[in-house]
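Peer 1: I'd like to ask you about the structure that follows.
2 protein chains.
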Amino acid sequence: MGRKRLQEAVDGRPTVHTVAARAGVSIASASRVLNGVGGSPETIRKVRAAAAEVGYVPNAIARSLQSQRTGLIALAVADIGNPVYVEMMRAIESVVAASGRQLLVHATAGQVANETALLRRLAHRYVDGMIVSPIRVTDDHLAALVDSPVPVVVVGQLGADAPVDNVRTDSRAGVGLAVDHLVAAGHRRIGFVNGPLDTVPGAARDAGFRAALAGHGIELDERLVEVGDFQYTAGRDAAERLLARARPDALVCANDLIAVGALHALLAAGHRVPGDVALVGMDDTELARMMFPQLSSVSLGSAERGRRAAELLLQRIADPALPPRREQVAPHLAVRASSAPPLLPKAAMPPAPRTPEVTA
Amino acid sequence: MGRKRLQEAVDGRPTVHTVAARAGVSIASASRVLNGVGGSPETIRKVRAAAAEVGYVPNAIARSLQSQRTGLIALAVADIGNPVYVEMMRAIESVVAASGRQLLVHATAGQVANETALLRRLAHRYVDGMIVSPIRVTDDHLAALVDSPVPVVVVGQLGADAPVDNVRTDSRAGVGLAVDHLVAAGHRRIGFVNGPLDTVPGAARDAGFRAALAGHGIELDERLVEVGDFQYTAGRDAAERLLARARPDALVCANDLIAVGALHALLAAGHRVPGDVALVGMDDTELARMMFPQLSSVSLGSAERGRRAAELLLQRIADPALPPRREQVAPHLAVRASSAPPLLPKAAMPPAPRTPEVTA
DNA sequence: CAGACTCCCGGAAACGTTTACAGCAAGCAG
DNA sequence: CTGCTTGCTGTAAACGTTTCCGGGAGTCTG
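Sequence order for the protein chains is A and B. Numbering-wise (the working numbering), the first sequence opens with residue 28 and increments by one. Numbering-wise (the working numbering), the second sequence opens with residue 28 and increments by one.
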């Protein structure tokens, strides 16, 4: 009747009490054996047997409440359909797994609200740390990042003085590499298909494009600039709009998804690539290599950024008192068929996709 | 001195005790106010103020231990780089989000060990439920699924009698649709680039291909069948091997990544698509529409399967006593330029990518 | 053989919440 | 004025673990 129920969890699952009772030992001993620390041979045998008989599985939540750790790391990215995040995720995953933790991914659809909600909820102790890669940053958002209850590392540009661990690249300079390359190949009417200007990367790339052209003394024809989303369909549509009103001899795209959209638009309109229009993407994802012709692309070191972010996070988890750190990964250009010099004889166009890549 | 430390968490963060002490009320009252249930106006005011002053944020783990729920759902897929899982994830996410929960994704790299480890760890109460889409299934694995501590729904083929909620498609019949379509267009030397035969989908598609050819009275030339991984590079390599030794007039690929690899191999070898070789992929992902020409593809209803799986899971969480259920989604074929009838005059080839799709 | 040292064990106190229960004051009907 | 209801409040018991601490039994040393 009034006897305390200590045997089983509310849903009927066995707890450490069940095991202890069945083995005829205290819960302390049971817990010790189950954690592999201490216990006489006989006790170990009894507890193991009891645990197996009742099918005991420890409650990770209770354990975490006690140990203050969950062994989980979260990664929040805008668009899980973008291969650049896949590469970043793979790099992060391998570091995280090596530390004996598990990685969980959450897609925010680029909405600041989602990301803040995630911070305000998930981060409240469900995970030991987070890596977030925001494409839009508001003050509110930044505040949530700064006083997050768990360690956070940001991948991407952030206000210079934000006291948050941060791994960034210089996408502005990255666009410059693409423009330099195209100018060197003799192109002058260089177009640009960008993502939204109210995003951090969108703004940086726009600035980079304008600065690069100016650096070469080329006056920018605004009809050669078009903006869409950072996605395939939007990129294709934006490229179509651009082609309908202007005649570029080269196109820089703000990421590979856009570049693929532009490639599709170009080919559908009967333009040859790179013969009529040279094409350069950004992010240097696997997608760029999947295309025919393979796309030149500016690598922003996403795998490297991911790896470093994961390492920063692990260090911060180990020592929360560390001062905020900032790391930077330099962009570089991978030249492939889509922007190969248009003057070469046809035979020089690589017949097989295994073209060794030139890295500038 | 000996006074009990009830004020702050071990890491110095405020707890409900901190708030209660500061507001001069009991922790019960503080908790009630913070949860918006009960409390006099004056109490509410004091507690809210105190919480704001100390920057209180509730510890989700402790709450979950008490409530036995975390509000988190996990999705485990083999390869997060495969767009088919992206589509599935989007569908699942929308259902899950509508129920006020959050979705976390975990990539298993197709390793049974990883997936079992996830089940044995994550599922131990860190999440309220899981959706897993295994491509390899072992007995061990199956056992872990069956007696998982949290509700699990499997997307994909599973032993007929496994007592696990399950949403499947008929990929065997799906391959049949592709073959029927190609045969109807006059093709006879139909090749097949498949994934590993030791995977569930690989085996099913192999069987489907052989059955479909037999159904049309076509004798299978084994040189027209090649196997690789379910990925782009492997698909491209496999297609190259196949083309080096045989001359198909059509190619069926076991998923879209492989199909893209095959397309690349075909174009690189100087074949026209669909002029010389017609091409049909599977999964009907966005990737198929990103190619030029756009790829015909057999839809296996991944978004629909994801949606249904999420609904099944939510129902099971609500009522764990439900009997195991099984749902099936029928495949269908989306015909696009890559397998358009080769006899049509050139003008009929769609100039723009917005071709209305024919669905059979 | 006494004392020190080891090892193992069980009781109980955490971890930070929510919530059942009981007490208490105020309001109201009779 | 009494008794019942209503609305808040605080105490304490959960949730399922891990771990500190003290006690008891055994072993070794001097």
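Note that the Cβ used here is the ideal one computed from N, Cα and C, for glycine as well.
Would you check if the distance between the CB atom of residue 285 (chain B) and the CB atom of residue 255 (chain B) is smaller than 8 Å?
Peer 2: The residue given as residue 285 (chain B) occupies position 258 in the second sequence. The residue given as residue 255 (chain B) occupies position 228 in the second sequence. Yes, Cβ-Cβ distance for residue 285 (chain B) and residue 255 (chain B) is below 8 Å.
Peer 1: Could you check whether the Cβ of residue 392 (chain A) sits closer than 8 Å to any Cβ belonging to chain B?
Peer 2: Shown here, chain A extends from 28 to 387; a query on residue 392 (chain A) therefore has no answer.
Peer 1: List, in order along the chain, the chain A residues whose C-beta lies closer than 8 Å to that of residue 270 (chain B)?
Peer 2: Within the second sequence, the letter at position 243 stands for residue 270 (chain B). Simply none; closest approach about 12 Å.
Peer 1: Between A:100, A:40, A:88 and A:237, which has its C-alpha nearest residue 78 (chain A)'s C-alpha?
Peer 2: Indexing the first sequence from 1 puts residue 78 (chain A) at position 51. Per the Cα distances, A:40.
Peer 1: Using 8 Å as the threshold, is the region 279–296 of chain B in touch with the region 338–357 of chain B, meaning 3 or more CB pairs across them?
Peer 2: No, because fewer than three Cβ pairs between the region 279–296 of chain B and the region 338–357 of chain B fall closer than 8 Å, the two stretches do not touch.
Peer 1: DSSP state of residue 109 (chain B), grouped into three classes?
Peer 2: Translated into the one-based positions of the second sequence, residue 109 (chain B) becomes position 82. Coil.
Peer 1: What did DSSP end up calling residue 156 (chain B) once you bin it into helix, strand or coil?
Peer 2: Walking along the second sequence from the start, residue 156 (chain B) turns up at place 129. Strand, per DSSP.
Peer 1: Is the shortest distance between the beta-carbon of residue 132 (chain B) and the beta-carbons of chain A less than 8 Å?
Peer 2: For the purposes of this step, residue 132 (chain B) is taken as residue 105 along the second sequence, with counting starting at 1. So yes, residue 132 (chain B) belongs to the interface.
Peer 1: Identify the continuous alpha helix (DSSP H) that holds residue 236 (chain B) and give its terminal residues.
Peer 2: Within the second sequence, the letter at position 209 stands for residue 236 (chain B). Residue 236 (chain B) -> alpha helix (DSSP H) spans 227–242.
Peer 1: Looking at C-alpha atoms only, which residue of A:262, A:218 and A:207 is the closest neighbour of residue 360 (chain A)?
Peer 2: On the first sequence, residue 360 (chain A) is found 333 positions in, with the first residue counted as 1. Of A:262, A:218 and A:207, the residue nearest in Cα terms is A:207.
Peer 1: Taking 8 Å as the CB-CB cut-off, is residue 380 (chain B) touching chain A?
Peer 2: In the second sequence, the residue the question calls residue 380 (chain B) occupies position 353. Low confidence applies here, because residue 380 (chain B) scores a pLDDT of 44, under 50, leaving its location unreliable; read the following figure in that light. For residue 380 (chain B), the answer is yes, since a Cβ of chain A falls inside 8 Å of its Cβ.
Peer 1: How about the region 92–106 of chain B and the region 150–164 of chain B: do they share at least three Cβ pairs that are nearer than 8 Å?
Peer 2: Counting Cβ pairs under 8 Å, three or more are found: they touch.
Peer 1: Can you name the residues of chain B whose CB is closer than 8 Å to the CB of residue 174 (chain A)?
Peer 2: The count along the first sequence starts at 1 and reaches residue 174 (chain A) at position 147. Under the 8 Å cutoff, chain B gives 82.
Peer 1: Assign residue 41 (chain B) to one of three DSSP states: helix, strand, or coil.
Peer 2: Residue 41 (chain B) sits at position 14 when you count from the first residue of the second sequence. Here residue 41 (chain B) sits in strand by DSSP.
Peer 1: Could you give the distance in angstroms between the alpha-carbon of residue 305 (chain A) and the alpha-carbon of residue 311 (chain A)?
Peer 2: The sequence position of residue 305 (chain A) within the first sequence is 278, counting from 1. The sequence position of residue 311 (chain A) within the first sequence is 284, counting from 1. Distance between the alpha carbons of residue 305 (chain A) and residue 311 (chain A) is about 16 Å.
Peer 1: What did DSSP end up calling residue 185 (chain B) once you bin it into helix, strand or coil?
Peer 2: As a working mapping, residue 185 (chain B) is identified with position 158 in the second sequence. Residue 185 (chain B) falls in the coil class under three-state DSSP.
Peer 1: Considering residue 133 (chain B), what are the terminal residues of the beta strand (DSSP E) in which it resides?
Peer 2: Taking the second sequence and counting its residues from 1, the one referred to as residue 133 (chain B) is at position 106. Here the beta strand (DSSP E) through residue 133 (chain B) covers 129–134.
Peer 1: Just to confirm, is the Cβ distance from residue 119 (chain A) to residue 155 (chain A) under 8 Å?
Peer 2: As a working note, residue 119 (chain A) is residue 92 in the first sequence. As a working note, residue 155 (chain A) is residue 128 in the first sequence. It is not a contact, given that the beta carbons lie outside the stated cut-off.
Peer 1: Are the Cβ atoms of residue 169 (chain B) and residue 179 (chain B) separated by less than 8 Å?
Peer 2: Position 142 of the second sequence holds residue 169 (chain B). Position 152 of the second sequence holds residue 179 (chain B). Not in contact: residue 169 (chain B) and residue 179 (chain B) (Cβ atoms no closer than 8 Å).
Peer 1: Taking only beta-carbon atoms, is residue 86 (chain B) less than 8 Å away from chain A?
Peer 2: Here the question's residue 86 (chain B) lines up with position 59 in the second sequence. Yes, contact with chain A.
Peer 1: Is residue 177 (chain B) close to chain A? Criterion is C-beta to C-beta, closer than 8 Å.
Peer 2: Within the second sequence, residue 177 (chain B) is the residue found at index 150, counting from 1. It does not: the Cβ of residue 177 (chain B) has no partner Cβ on chain A nearer than 8 Å.
Peer 1: Output yes or no for whether 8 Å exceeds the beta carbon distance between residue 319 (chain A) and residue 279 (chain A).
Peer 2: Looking up residue 319 (chain A) in the first sequence gives position 292. Looking up residue 279 (chain A) in the first sequence gives position 252. No, Cβ-Cβ distance for residue 319 (chain A) and residue 279 (chain A) is not below 8 Å.
Peer 1: Note down, in chain order, all residues in the region 278–300 of chain A with a beta-carbon under 8 Å from any beta-carbon belonging to chain B.
Peer 2: Cβ contacts with chain B come from 287, 288, 290, 291, 292, 294, 295, 296 and 297.
Peer 1: Helix, strand or coil: how does DSSP classify residue 342 (chain A) here?
Peer 2: Counted from its first residue, the first sequence places residue 342 (chain A) at position 315. Three-state result, residue 342 (chain A): helix.
Peer 1: With the cut-off set at 8 Å, would you say residue 307 (chain B) and residue 209 (chain B) are in Cβ contact?
Peer 2: Your numbering for residue 307 (chain B) matches position 280 in the second sequence. Your numbering for residue 209 (chain B) matches position 182 in the second sequence. Against a cut-off of 8 Å, the Cβ pair of residue 209 (chain B) and residue 307 (chain B) comes out as a contact.
Peer 1: Assess, as a yes-or-no matter, whether the region 244–259 of chain B is touched by the region 181–188 of chain B under the definition of 3 or more beta carbon pairs within less than 8 Å.
Peer 2: Too few Cβ pairs lie closer than 8 Å, so no.
Peer 1: From the DSSP output, which residues share a beta bridge with residue 253 (chain A)?
Peer 2: As a first step, residue 253 (chain A) must be located in the first sequence, where it is residue number 226. Paired residue(s): A:220.
Peer 1: Checking contacts by CB at 8 Å: is residue 61 (chain B) closer than that to chain A?
Peer 2: Taking the first residue of the second sequence as 1, we reach residue 61 (chain B) at position 34. Cβ-Cβ to chain A under 8 Å: no for residue 61 (chain B).
Peer 1: If distances are taken between C-alpha atoms only, which option among B:282, B:50 and B:211 comes closest to residue 198 (chain B)?
Peer 2: Along the second sequence, one-based indexing puts residue 198 (chain B) at 171. Checked all of B:282, B:50 and B:211; the closest Cα to residue 198 (chain B) is B:282.
Peer 1: Would you say residue 158 (chain B) faces chain A, with C-beta separation under 8 Å as the test?
Peer 2: The residue you call residue 158 (chain B) lines up with position 131 of the second sequence. No, residue 158 (chain B) does not count as interfacial toward chain A.
Peer 1: Using a Cβ cut-off of 8 Å (strictly closer), state whether residue 151 (chain A) contacts chain B.
Peer 2: What you label residue 151 (chain A) is simply residue 124 of the first sequence in a count that begins at 1. Closer than 8 Å to some Cβ of chain B, the Cβ of residue 151 (chain A) qualifies, so yes.
Peer 1: Would DSSP call residue 312 (chain B) helix, strand or coil?
Peer 2: Translated into positions along the second sequence, residue 312 (chain B) becomes position 285. Coil, per DSSP.
Peer 1: Let me know if residue 262 (chain B) comes out buried or exposed under the rule of 16 or more other beta-carbons within 10 Å of its beta-carbon.
Peer 2: Position 235 of the second sequence, counted from the first residue, corresponds to residue 262 (chain B). It is buried - the Cβ of residue 262 (chain B) has at least 16 other Cβ atoms within 10 Å.
Peer 1: Tell me residue 103 (chain A)'s beta-bridge partners as DSSP assigns them.
Peer 2: Sequence index remark: in the first sequence, residue 103 (chain A) carries index 76 (1-based). Looking at the DSSP assignment, residue 103 (chain A) forms a beta bridge with A:133 and A:159.
Peer 1: Among B:349, B:116 and B:146, whose alpha-carbon lies nearest the alpha-carbon of residue 129 (chain A)?
Peer 2: The residue given as residue 129 (chain A) occupies position 102 in the first sequence. Ranking B:349, B:116 and B:146 by Cα distance to residue 129 (chain A) puts B:146 first.
Peer 1: Roughly how many angstroms separate the alpha carbons of residue 57 (chain B) and residue 75 (chain B), rounded to a whole number?
Peer 2: As a working mapping, residue 57 (chain B) is identified with position 30 in the second sequence. As a working mapping, residue 75 (chain B) is identified with position 48 in the second sequence. Their Cα atoms are separated by approximately 9 Å.
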